[in-house]
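Using my numbering, the letters of the sequence shown map in sequence onto residues 3 to 290.
Beta carbons: idealized from backbone N, C-alpha and C, even for Gly.
A quick note: this is a predicted structure, and the numbers were derived from the prediction, not measured.
Here is the structure we will look at, set down as structure tokens.
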Amino acid sequence: MTRQTPTLARYLAHPAAFVLFVFAWTWSFWLTAIATGTGTDTPFGMLLATLGLLGPMIGGIGFTLFTQDRDGRRDYWRRLIDPRLIGARWYLVILVLVPALMGLTAALDLMTGGNFDAYAARFAEFFADPAAIPTTLIAVMLLGPLPEEFGWRGYLLDRLQSKAAPLRASLVLGFIWAVWHLPLFFLPGTYQFAQGAFGIWFWTFMAGIVPLSVAMTWIYNRTNRSILGMVLFHFVVVVVYNFLNATPGANVISTLLLVLLAIALVPGLKRVPIEAGRDLASRSGGAD
């Protein structure tokens, strides 16, 4: 690997460098699609949208390679592929927490006049072609949870927690994560575009990401900083929200419940040792 000067490594190791790279990468593709009126219903539009989604993954891998020593790089890949980092009870939390919260959301929504037909339509659409379900789930994983968590939790959260308490780091990451999604509300063919910009769906989506970030940090810090755990949790969130966030009322209720959940989890946000390796910026020499 090309040796990095301590000054360059120090600049690259700052959280802002990663954020600037990811936004520049992602938004350049998404804004191109928007400016040309190209939606994801066309091959070129889908290509631009997909390339944009890869920003956090490319940033996570690239910045790990250029800012961490050999031990730090090994730690990154281990956290991505080692299922043993996640204890049995935390697998249960990852798989059950959001379905339970969204089940409560749906119940409260229906009890207060929510439209049952909206929920039925979501399920009917998903199960209309059972043979296509595996392909749909794979697409969901590849077009969101996997590439995003390479960067957001896999790289950036550690950087933020090395400089701030877990709660503050979670709030900052949640804000960054929410703003990163903004162009999708103007890109035809995306889930966000279908909900509409600056309506109730927009505000609940953007606001809900911040407390969701707190919940994810709570799990992340208690599963040995497992990136795999965050990929699975993010996947569950996307799938469950597709079914149970079916009405405007459900959007509001789920956001409020997420805020309450985040508040309840704050006392359990514990600091964890962040670096398995050493930053190249802290070394007198260069990379391994």
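Residue j and residue i - do their beta-carbons sit closer together than 9 angstroms?
| i | j | result |
| --- | --- | --- |
| V142 | V274 | no |
| L271 | N226 | no |
| P149 | L55 | yes |
| L162 | P17 | yes |
| A199 | F188 | yes |
| W179 | I221 | no |
| I96 | F235 | yes |
| L106 | G231 | no |
For residue i, which of the options has the nearest alpha-carbon?
| i | options | result |
| --- | --- | --- |
| L267 | L259, T257, V216 | V216 |
| L158 | T69, S256, G89, D131 | T69 |
| L186 | L173, F177, A35 | A35 |
| F177 | L258, Y243, N247, F207 | F207 |
| G47 | I60, P58, S30, I63 | S30 |
| L112 | T249, Q194, V100 | T249 |
| F25 | W182, W205, L94 | W182 |
| L169 | Q197, A196, T137, P213 | P213 |
| N117 | I276, G251, L262 | G251 |
| L144 | L262, Y13, F23, V233 | V233 |
| A196 | A11, T42, L94 | T42 |
| A60 | G156, L87, R91 | First, the residue type needs correcting, since residue 60 is Ile and not Ala in the sequence shown. Among G156, L87, R91, the Cα nearest to that of I60 is on G156. |
| T219 | W205, L175, A134, T192 | L175 |
Would you kindly work out how many angstroms separate the C-alpha atoms of residue i and residue j, rounded to a whole number?
| i | j | result |
| --- | --- | --- |
| A264 | A108 | 19 angstroms |
| P269 | P132 | 43 angstroms |
| A19 | D71 | 18 angstroms |
| G146 | Y243 | 14 angstroms |
| P101 | L258 | 15 angstroms |
| T44 | W27 | 21 angstroms |
| G74 | T52 | 28 angstroms |
| L82 | R76 | 10 angstroms |
| F237 | M104 | 14 angstroms |
| D119 | L260 | 24 angstroms |
| L246 | V254 | 12 angstroms |
| T4 | T138 | Because T4 sits at a pLDDT of 49, beneath the cut-off of 50, its placement in the model cannot be relied upon, and the point is left open. |
| W32 | W79 | 28 angstroms |
| I276 | W203 | 35 angstroms |
| L14 | D84 | 27 angstroms |
| G201 | A37 | 22 angstroms |
| F128 | Q194 | 18 angstroms |
| L184 | A166 | 26 angstroms |
| A130 | V98 | 25 angstroms |
| I135 | T192 | 19 angstroms |
| S164 | F125 | 42 angstroms |
| W205 | I140 | 28 angstroms |
Taking buried to mean at least 16 other C-beta atoms within 10 Å of its own C-beta, is residue i buried or exposed?
| i | result |
| --- | --- |
| T114 | exposed |
| D160 | buried |
| G153 | buried |
| T9 | exposed |
| T40 | buried |
| L50 | buried |
| V21 | buried |
| I294 | With the chain represented from 3 up to 290, any question about residue 294 goes unanswered, as that position is not in the structure. |
| S256 | buried |
| E151 | buried |
| L173 | buried |
| F65 | buried |
| L262 | exposed |
| A122 | exposed |
| A11 | buried |
Using beta carbons (cut-off 9 angstroms, strictly below), is residue i in contact with chain C?
| i | result |
| --- | --- |
| I63 | In the structure shown, chain C cannot be found, because there is only a single protein chain. |
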